[in-house]
Amino acid sequence: KVKKEVDEILKTVSKDEDVQRLYNEWCMLQRKIYGIYTDKDVEFAPLWENKEFKKLKNAIVSEAEKLGDSRIFIDEETENKEPESDENGEYKETATDNPKADTDSRAKNINPTVISSAANLFCRLAIIIENDTERKTEGFYKTIVDSKERKHIIRKKQSLGMKMR
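Residue numbers for the sequence shown follow full-length UniProt numbering, so the first one is 1 and each next one is one higher.
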């Protein structure tokens, strides 16, 4: 049950444009790395199914535990409100009929603990992506630098008449 809920949270988070952009950049870097070793095109699972981001799922679970029984919305009366009608029997447009106004009114009622947890999760996601990319590309760039240095040393030794092993 928890796994399904975490997957749903990740699905929701991955719909964010910034998160999607970061994930696409991460996938692009991974394709470059795989491209060094193979000619096959690698397809990546969606963010919520990608095993590389198990740390993120664990972070969501730990944030949920921190939240405990905190309520996401302080004001529930907007959900249970009957639509108002005018004298002609037509329903008036309420704030919930307008998605932008609905989002704005709900944003004002979000518990600060939830905002803090969401921000914490986004920070963790960014750190996970950054660390993973650095870890995977570190050896690659080190190899390139080392081979250039080796070639330079070999040329220098050859110009001095030294034998190479």
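We put the CB at the ideal spot given by N, CA and C, even for glycine.
Asked	Found
When we look at the beta-carbon of Tyr37 and count the other beta-carbons within 10 Å, is it buried (16 or more) or exposed?	exposed
Can you tell me where the alpha helix (DSSP H) with Asp18 in it begins and where it stops?	17-37
For Gly35, which residues of its own chain have a beta-carbon under 6 Å away from its beta-carbon, when the five flanking residues on both sides are left out?	none
With DSSP run on the structure shown, which of helix, strand or coil describes Val42?	coil
Give me the Cα-Cα distance between Asn120 and Glu43, rounded to the nearest whole angstrom.	29 Å
Going by C-alpha to C-alpha distance, which of Glu8, Ala118, Asn131 sits closest to Lys66?	Ala118
Does DSSP put Asn120 in a helix, a strand or coil?	helix
Between the C-alpha atoms of Lys55 and Ile128, what's the straight-line distance to the nearest angstrom?	8 Å
Assuming Trp48 contacts Lys11 (C-beta within less than 8 Å), just tell me the rounded distance between them.	5 Å
Just the Cα atoms here: how many angstroms apart are Asp41 and Ser159?	43 Å
Suppose you measure from the CA of Ser116 to the CA of Asp18; what does that come to, to the nearest Å?	18 Å
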